[in-house]
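Asker: Under the working numbering, think of the first position of the sequence shown as 12, with each following residue one higher.
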Amino acid sequence: MNHELEVSILKELMEQLDEGKNIDAGVQYKMPTTGYVCPQIAAKERELFFQNHTQLLGLSQDLPSPGSYITNDDFGTPILATRDKNGDFRAFLNACRHRGVRVAQENRGRKTLFTCPFHHWGYSNAGDLINVPDQEHFGVIDKSCNGLIELPAVERDGILWVHPQPDGELDVDGLLGKTLADELAAYDLGSLIYAGTKTITKDLNWKLANDTFGETYHFGKLHKDTLGQLNYGNNLHLKEFGPHHRFVTASKAIDRLKTQPESEWDIGVGAGFVLYYLFPNIQLIVNPGTCTLVKIYPDPERPGRSTSQIVVYFSQAAMDAQADQDAGKVTPDMIYGANEDRGPSLAATMEIFNSTIEQEDYLMGEYQQKSAENGLLTEIMFGRNEPALHHFHTTFRDRLGQPPLEKISA
Ligand code: FES
Ligand SMILES: [Fe+2]
Numbered sequence: 012m013n014h015e016l017e018v019s020i021l022k023e024l025m026e027q028l029d030e031g032k033n034i035d036a037g038v039q040y041k042m043p044t045t046g047y048v049c050p051q052i053a054a055k056e057r058e059l060f061f062q063n064h065t066q067l068l069g070l071s072q073d074l075p076s077p078g079s080y081i082t083n084d085d086f087g088t089p090i091l092a093t094r095d096k097n098g099d100f101r102a103f104l105n106a107c108r109h110r111g112v113r114v115a116q117e118n119r120g121r122k123t124l125f126t127c128p129f130h131h132w133g134y135s136n137a138g139d140l141i142n143v144p145d146q147e148h149f150g151v152i153d154k155s156c157n158g159l160i161e162l163p164a165v166e167r168d169g170i171l172w173v174h175p176q177p178d179g180e181l182d183v184d185g186l187l188g189k190t191l192a193d194e195l196a197a198y199d200l201g202s203l204i205y206a207g208t209k210t211i212t213k214d215l216n217w218k219l220a221n222d223t224f225g226e227t228y229h230f231g232k233l234h235k236d237t238l239g240q241l242n243y244g245n246n247l248h249l250k251e252f253g254p255h256h257r258f259v260t261a262s263k264a265i266d267r268l269k270t271q272p273e274s275e276w277d278i279g280v281g282a283g284f285v286l287y288y289l290f291p292n293i294q295l296i297v298n299p300g301t302c303t304l305v306k307i308y309p310d311p312e313r314p315g316r317s318t319s320q321i322v323v324y325f326s327q328a329a330m331d332a333q334a335d336q337d338a339g340k341v342t343p344d345m346i347y348g349a350n351e352d353r354g355p356s357l358a359a360t361m362e363i364f365n366s367t368i369e370q371e372d373y374l375m376g377e378y379q380q381k382s383a384e385n386g387l388l389t390e391i392m393f394g395r396n397e398p399a400l401h402h403f404h405t406t407f408r409d410r411l412g413q414p415p416l417e418k419i420s421a
C-alpha cells in the first residue's frame, strides 16, 4: 500500500477514535435468516460461487519449487496442483483416468511421479500418463490422450488461482479489477513462506463464518480478553472494490503515531490488521511479516456446516527475527520496541488469532445457526456501523437473484 493511502486510512481511524464515532453507513438493514439454512439457496451458492467460480487456491510459496504439490477438496472439485519442471503452476482433477481414484493423497509435499494406489497407473507432475502396469493384459491405451484432466490455473502476483471447470474462464484481472489487483501486487505475497494450516469445521453456515469478519463492533465485547487487548474496536475504514473490499481497524498502538511525523507513520503499527475480502469466500489479512489467508467453504450436504482453512505465511525476515529471538540473540523489545503492544512471538500471535476465531467468533456463529434453524427468528439486523456486512449480503443476494436487503425504517 502506498504511504499516502496508509496516512489517509490512519487519519480516518484516528478521527473516529478522537470523536468517539464509528464508520456510519447511514442505513440499517434487516435480512431473512433463511439464507443460512435453506438447502435450495445453499445448492445455488455452491454451484455459482464455488463449482463455477474462480477460486483462490493459495500463495506462490505453497508450491515453493519444481516438484512441489498441494491438493484441495474444499470446493467440490478434487484438485491436484503442482509446480512442474519448468516452474509453472498447473492444476488437475485429482482423479485417475482408469477408474477415478485420487492419485495424490496428502495435502502437500514433493513428488514428480503420482502413482495411483489402486492399479498403479503413474502420472507426471505435468499431468502426463507415463506408466500403465501390465499393459499387455489391460489392452491398448493411448497414453497421450489419457493424462490427468487439466484445469485453468494462473499464478498472478504471488497468488494461485484455479477454475474448477476444465472449460471455465479464468479472468483474474476481470475478477479483481485493476486498482485492487495493483494494491495486492504491492504486498509481494509471492515471497511469503508457508507456515501452517488450521482447519476448523463447525456447525455454522459458511456466510455466518464470513460475517464474523464484517464488523469491529464486537471487538471490545466478545474479544475483550483477546484481540480487544490489542485493538480498540468500534472504528473502521472500509473501501469497496466491486464485490471485494478493504477493511482496516486501529490497533491501540495508533496512539503512538500522533507523536511522530506523518512521513514515519506505518499502517503495520497503527492498524490491528489490513484485511482484504475477496468475493466470495476469502479473507486475506496482511500484517507486518505475516499474512493469514482464511478460506471459507460450505459443507456439500448441510447448509448449517462449514469448513474454514486458516493458512499462515511468514516473511523470511520475520522468520529470521523469530529464530534469533528463540535462540536468545534478541528480545522482542529489540525487534518491536519496548512499548510495542505485540505478542511474544509470531507463532503465539497466530495461535491467539486462530483460537479467537474458533472459540469466540465461530462459537457466536454456531449460536446464530441454531437460532436460524429453529425458524422462530426469521430476521436479523445489520446496523449503521456494520457496512461490510451490508456489502457481503448485498453482493450475495444480487448474485443469487434475490431481492435486495430491506431497509429498517426509523
Ligand atoms: S483407478 Fe487408478 S490405476 Fe486403477
Ligand atoms: Fe471477531
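Ideal Cβ placement from N, Cα and C applies to all residues, glycine included.
So, using beta-carbon positions, are Y324 and A137 closer together than 7 Å?
Answerer: No. Outside cutoff.
Asker: In chain order, which beta strand (DSSP E) runs of at least 3 residues are fully inside the region 279 to 325?
Answerer: Listed in chain order, they are 282 to 289, 293 to 298, 301 to 309 and 317 to 325.
Asker: Less than 7 Å separating the beta-carbons of K209 and N83?
Answerer: No, the pair does not count as a contact, with Cβ atoms beyond the cut-off.
Asker: Does the distance from the CB of E390 to the CB of P43 come in under 7 Å?
Answerer: A contact, by the Cβ cut-off of 7 Å.
Asker: Which one of T367, L400 and D337 has the shortest CA to CA distance from F230?
Answerer: Cα-wise, what sits closest to F230 is T367.
Asker: Which residues share a DSSP beta bridge with K41?
Answerer: Bridge partners of K41: M392 and E417.
Asker: Residue range of the beta strand (DSSP E) that N6 falls in?
Answerer: Only positions 12 to 421 of the chain appear in the structure, and residue 6 is not among them; the question remains open.
Asker: Cβ-heavy atom distance between C127 and ligand 1 below 6 Å?
Answerer: For ligand 1, at least one heavy atom lies less than 6 Å from the Cβ of C127.
Asker: Check this for me: beta carbons of W172 and T65, under 7 Å apart or not?
Answerer: Yes, these two residues count as a Cβ contact at 7 Å.
Asker: Tell me whether H109 counts as near ligand 1, meaning its Cβ is closer than 6 Å to at least one heavy atom of that ligand.
Answerer: Indeed, a heavy atom of ligand 1 lies less than 6 Å from the Cβ.
Asker: For D335 and A196, I'd like the C-alpha separation in whole angstroms.
Answerer: Each residue's alpha carbon lies about 29 Å from the other.
Asker: Rounded to whole angstroms, what's the CA-CA distance from N221 to S382? Just pull it up for me.
Answerer: Straight-line Cα distance between these residues: approximately 17 Å.
Asker: Need the endpoints of the alpha helix (DSSP H) that S19 sits in, please.
Answerer: H14 to E30 is the span of the alpha helix (DSSP H), which, as asked, contains S19.
Asker: Less than 7 Å between the beta carbons of S317 and P311, yes or no?
Answerer: Result no, Cβ atoms of S317 and P311 do not sit closer than 7 Å.
Asker: Can you find a heavy atom of ligand 1 that lies under 6 Å from the Cβ of H148?
Answerer: For ligand 1, not one heavy atom lies less than 6 Å from the Cβ of H148.
Asker: Quick one: give me the first and last residue of the alpha helix (DSSP H) that H148 is part of.
Answerer: That run of the alpha helix (DSSP H) goes Q146 to F149.
Asker: Use the C-beta contact count for K418: other C-beta atoms within 10 angstroms, 16 or more gives buried, fewer gives exposed.
Answerer: Under this definition K418 is an exposed residue.
Asker: Which residues share a DSSP beta bridge with W276?
Answerer: In DSSP, W276 forms no bridge with anything.
Asker: Cα separation between G225 and N157?
Answerer: One C-alpha to the other measures close to 46 Å.
Asker: Please state the DSSP three-state secondary structure of G376.
Answerer: In this structure, G376 counts as helix in the three-state DSSP scheme.
Asker: Smallest Cα separation from I141: which of D168, E117 and H109?
Answerer: Of the candidates D168, E117 and H109, the one whose C-alpha sits nearest the C-alpha of I141 is H109.
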